[in-house]
Amino acid sequence: MSASPHPADTHDRIRIVGARENNLRDVEVTLPKRRLTVFTGVSGSGKSSLVFGTLAAESRRMIDETYSAFVQGFMPQTSRPDVDVLDGLTSAITVGQERLGGGPRSTVGTITDAAAHLRTLFSKRAQPHAGGPGAYSFNVPSVSAAGAMTVQKGGRTLAEKTTFSRVGGMCPRCEGMGSISDLDLTELFDASKSLSEDPFTIPGYTGDGWTVRVIRGSGFFPDDVPIQDFTKRQREDFLFKDPVKVKIEGVNLTYEGLIPKIRKSMLSKDREQMQPHIRAFVDRAVTFITCPDCEGTRLAEHARTSLIGGRSIGDVSALPVTELRDWVAGLAPRGIEPLLESLQALLDAFVGIGLGYLSLDRPSGTLSGGEAQRTKLVQHIGSSLTDITYVFDEPTIGLHPHDISRMNDLLRTLRDKGNTVLVVEHKPETIAIADHVVDLGPGAGRDGGTITYEGDVDGLRASDTLTGRHLSARTPLKEDVREASGTLEIRGASTHNLRDVDVDIPLGVLTVVTGVAGSGKSSLIHDSLPRGTEAIVVDQQAIRGSRRSNPATYTGLLEPIRKAFAKQNGVKPALFSANSEGACPVCSGAGVVFTELGFFETVESVCEECEGRRFQASVLEYRLGGKSIADVLEMSVDEALELFTGAEAKVPAAAKILRHLQEVGLGYLTIGQNLTTLSGGERQRLKLATRMGETGGILILDEPTTGLHMADVAQMLELLDRLVDSGKSVIVIEHHQAVMARADWIIDLGPGAGQDGGRIVFEGTPARLVTDASTLTGEALAAYVSGADAGGKESSAPGGADAAGTDATTAKGTM
């Protein structure tokens with residue numbers, strides 16, 4: 143690499159002056175182009191506001207403005223970030239942690255170019271020949287039938303016979319889903335009741351709702367006769383009738399039989415994308431079985447029987463990418479060299495990024511946030527674009543320490559191709575490879591938003607910032623482990639890649655389940671526990687709710703606050719709800735108003751009446767401890783706790799919930815901020831906070847250190863110990879070596895991922911794992927506790943782990 147560019151040249155640097163998004167305090171920073179810059183700092187310090195909310199957002203907005211006004215009308219309308227100067231920008235590509243959607247037919251193959259490459263390959267080589275690439279696609283309907291059509295010729299209408307040829311590869315029975323569903327009618331309605339007696343047990347099918355009013359008013363059956371007494375024709379119309387126009391209460395609407403309506407409205411999405419109450423209904427009422435026609439391949443017969451070397455496109459799509467790569471490498475080029483080279487490079491990228499265990503037919507909705515981010519990265523690895531700004535949000539999430547080095551290699555590869563790589567990250571291994579580091583803080587929320595360090599990694603390590611002090615710190619191995627109070631027996635687990643696994647999980651202790659990504663950890667813990675096991679599962683799935691949902695409403699914190707306001711002022715609690723009587727009449731308590739602009743995007747703007755504060759002006763006159771209800775909702779958890787433990791506004795019930803939020807490291811979070819703004823790690827910790835008051839039982843956490851700064855990890859470790867000491871059996875799926883070191887018992891899966899995993903390769907204490915050092919996890923933990931950091935230097939923190947423990951108090955005070 144050449145020497146660093148001179149900062150005065152806009153060709154070689156990005157300059158940000160006066161950035162004020164969210165908690166940023168007039169931040170000024172200069173970033174070198176075509177270098178790898180890592181942004182560090184505690185959760186909530188302002189990293190994402192600077193990188194995503196300012197730099198990437200402005201790049202995207204400026205690109206959008208190059209389109210015509212007509213095209214812009216169909217694009218999201220974004221305002222310029224709150225920043226004075228932002229120059230030297232290039233086109234930015236954001237690779238975030240959002241889970242991949244795309245519907246129930248979306249797979250790893252369809253969201254990358256891999257499936258398209260395979261379809262082209264089979265259309266060129268497979269025998270018997272089935273047609274073009276679309277003939278091998280389960281997303282394109284297949285038709286093969288004789289028929290007739292009318293055509294206009296010379297002013298006369300003629301009827302001509304024709305044949306509809308096969309145009310797609312979709313299995314006609316399951317419509318490309320791979321499975322068919324059977325609904326249990328007893329879970330849909332009470333047949334002993336009439337329609338007027340509110341018989342439905344389907345979410346949203348309430349007696350006064352339009353869905354039920356259409357059914358009752360359709361005229362196809364009586365509404366005062368029990369459903370079980372319907373005639374054969376009435377029952378057929380009730381359950382299966384095709385859509386038909388009906389007039390209900392003077393309004394033209396569409397009536398459709400109950401079964402097809404449910405299939406369209408509730409079964410057309412991946413289970414992972416369903417709202418919790420819909421998912422619970424589907425789990426209760428619907429049985430999914432593998433389609434007997436296509437045997438789960440999703441493909442029509444002509445696509446299933448068109449083969450290359452005895453294998454169909456369905457067969458090869460089900461192979462782990464590592465095996466598929468070997469199969470492709472064994473094909474003779476014979477005129478399709480460019481296609482094979484492109485497909486081979488794509489599959490190599492999957493393996494290189496640690497996703498070789500995936501198969502192309504894996505539904506995209508089942509990927510974790512980390513897997514989704516790495517899958518998105520695959521398409522950029524082979525790109526010929528240069529001088530692009532790539533922005534990554536914690537790319538090491540979900541990665542075993544063994545895999546982080548491969549991710550680091552990919553980041554460096556993107557940089558060395560002439561791109562600017564910006565990474566928000568907490569892992570020391572990735573911080574160590576940075577050309578440039580920007581550390582934000584000193585704390586979180588209102589205590590953050592400033593640049594505390596800017597320079598190289600050695601300078602960061604020598605600095606007195608929170609990140610600098612923890613960069614080389616180590617958590618010591620636990621020598622005195624707890625004794626188990628019992629065991630949870632798993633026998634013959636074979637879900638996904640598990641190979642008939644037998645294992646005893648100790649109870650009453652802190653158990654950490656480890657292994658490389660794809661080794662079978664989640665399959666073992668989430669899908670293989672004995673039937674009837676009562677466990678509290680706290681994961682990183684999105685929290686469902688409306689745009690009005692926030693931490694105060696989700697945790698139940700708002701209820702004691704509203705009552706305290708009401709008691710203090712002698713009024714009704716409903717006045718202090720933005721969803722009830724206290725709501726601003728103009729925006730209905732949303733804080734924003736929406737303006738419809740025809741075919742243009744709806745514009746959202748701050749409500750001028752309440753200035754975004756959501757409440758009526760008269761409600762804001764009421765005070766508790768000198769604060770209005772809007773003031774309180776704009777407070778951080780730490781600030782609110784100080785208020786509600788003070789003499790002027792003591793609210794014990796609110797303080798209890800706030801302490802739980804503080805204990806899980808969310809002290810910086812604004813209690814009234816929208817839930818959609820939270821990261822996966824913040825969502826998990828918010829869920830954990832709501833379960834903190836429960837005693838006993840089994841608690842399962844899925845990578846609870848996700849999104850946590852090194853200082854916050856120390857606080858999380860203390861919390862895990864307190865949970866066990868309170869009587870809980872805590873099972874943690876985790877890659878972080880500090881959590882492994884603190885465990886009482888470790889269960890390691892492997893030895894590899896996918897087909898190379900699915901076995902127990904170690905059970906025992908952390909100390910034994912290090913001594914044994916026969917697994918990838920053992921090697922990583924041994925290297926961690928030895929005191930050598932990612933840069934190969936000995937820990938400079940006196941006492942290593944003691945430094946982490948000492949600074950835990952400091953970290954807690956800044957959150």
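If you're matching positions, the sequence shown starts at 143 in our numbering and goes up one per residue. From the three backbone atoms N, C-alpha and C, an ideal C-beta is built for every residue, glycine too. Here the structure is a predicted model, which means the values were calculated and not measured.
Could you tell me the alpha carbon to alpha carbon distance between residue i and residue j, rounded to whole angstroms?
i: GLU958; j: LYS406; result: Look at the range of the chain in this structure, 143 to 957, and you will see that residue 958 is not part of it.
i: ASP154; j: THR172; result: 10 Å
i: GLY942; j: MET852; result: With a pLDDT of 34 at GLY942, under the threshold of 50, the predicted position of this residue should be treated as unreliable, though the coordinate-derived value follows. Those two C-alpha atoms are separated by around 13 Å.
i: SER1021; j: HIS444; result: Absent from the model: residue 1021. The displayed extent of the chain is 143 to 957, so no value can be given.
i: THR429; j: SER321; result: 10 Å
i: SER190; j: VAL566; result: 7 Å
i: VAL159; j: LEU231; result: 13 Å
i: PHE664; j: LEU671; result: Just to set this straight, residue 664 is Ser in the shown sequence, not Phe. One C-alpha to the other measures close to 11 Å.
i: GLU751; j: GLU763; result: 15 Å
i: ILE495; j: SER525; result: 15 Å
i: LYS989; j: ASP854; result: Past the boundaries of the shown model lies residue 989; the chain is included only from 143 to 957, so the question cannot be answered.
i: LEU602; j: ALA720; result: 45 Å
i: ALA659; j: TYR499; result: 9 Å
i: ILE205; j: GLY195; result: 15 Å
i: ASP844; j: ASN394; result: 49 Å
i: CYS132; j: CYS749; result: This structure cannot settle anything about residue 132, because the visible part of the chain is limited to 143 through 957.
i: SER286; j: ASP366; result: At SER286, the pLDDT of 49 sits below 50, so the modelled position is not reliable and the matter cannot be decided from this model.
i: THR594; j: THR653; result: 37 Å
i: VAL735; j: ASP384; result: 39 Å
i: ARG884; j: VAL463; result: 35 Å
i: LEU502; j: ARG261; result: 12 Å
i: THR439; j: ARG504; result: 11 Å
i: LEU630; j: VAL866; result: 16 Å
Between which two residues does the beta strand (DSSP E) containing residue i stretch?
i: HIS578; result: 578-583
i: LYS389; result: 386-390
i: GLY610; result: Looking at the DSSP string, GLY610 is not in any beta strand (DSSP E); the run it does join, the alpha helix (DSSP H), is 608-612.
i: TYR696; result: First-last for TYR696: 693-697, but that is the alpha helix (DSSP H), not the beta strand (DSSP E).
i: VAL680; result: 677-680
i: LEU108; result: What is shown of the chain runs 143 to 957, which leaves residue 108 out entirely.
i: SER871; result: 871-875
Starting from residue i and walking both ways along the alpha helix (DSSP H), at which residues does that stretch end?
i: GLY251; result: 250-253
i: TYR926; result: 918-927
i: ASN550; result: 543-558
i: VAL866; result: 852-867
i: ILE842; result: It is not in any alpha helix (DSSP H) - ILE842 instead sits in the beta strand (DSSP E) that spans 840-844.
i: PRO174; result: Careful: PRO174 lies outside any alpha helix (DSSP H), inside the beta strand (DSSP E) at 169-174.
i: GLY456; result: 455-459
i: THR262; result: 256-267
i: THR913; result: 908-914
i: GLU443; result: 443-446
i: VAL213; result: 211-214
i: ILE813; result: ILE813 -> no alpha helix (DSSP H), and no H or E assigned at all.
i: ILE205; result: 199-206
In terms of alpha-carbon separation, which member of the options lies closest to residue i?
i: ILE344; options: LEU330, PRO794, GLY601 and ARG476; result: LEU330
i: SER221; options: GLU596, SER233 and GLU207; result: GLU207
i: SER484; options: THR609, VAL654, ALA257 and ASP622; result: ALA257
i: VAL520; options: ASN165, SER336 and VAL250; result: VAL250
i: THR609; options: ALA626, ALA635 and VAL580; result: VAL580
i: GLY512; options: MET549, ALA576, ASP168 and PRO275; result: MET549
i: LYS569; options: ARG167, GLY183, ASP168 and HIS668; result: GLY183
i: VAL655; options: ALA268, VAL872 and LEU556; result: VAL872
i: GLY809; options: THR837, GLY835, LEU228 and GLN857; result: GLN857
i: GLY662; options: ALA895, ALA211, VAL912 and SER410; result: ALA895
i: ARG162; options: ARG177, ASP224 and GLU571; result: ASP224
Contact defined as beta carbons within less than 8 Å: I believe residue i pairs with residue j. What is the distance between those atoms, to the nearest angstrom?
i: ALA694; j: ILE813; result: 4 Å
i: SER185; j: LEU850; result: 6 Å
i: HIS877; j: LEU541; result: 6 Å
i: GLY310; j: SER279; result: 6 Å
i: CYS380; j: GLY361; result: One detail in the question is off: residue 380 reads as Phe in this sequence, not Cys. Contact doesn't hold; Cβ gap of about 12 Å is too wide.
i: LYS559; j: VAL237; result: Contact flag wrong, Cβ pair sits at about 15 Å.
Problem set entry | Segments of 3+ residues assigned as beta strand (DSSP E) that fall wholly inside the region 737-790 | 742-748
For this session: Please list the segments of the beta strand (DSSP E) lying wholly inside the region 603-670, counting only runs of 3 or more residues, in order along the chain.
Result: 628-635, 643-649 and 652-656
Problem set entry | Completely contained alpha helix (DSSP H) runs for the region 466-539, where each covers 4 or more residues | 479-494 and 511-523
Problem set entry | Within the region 338-395, ranges of the beta strand (DSSP E) (whole runs, at least 3 residues) | 386-390
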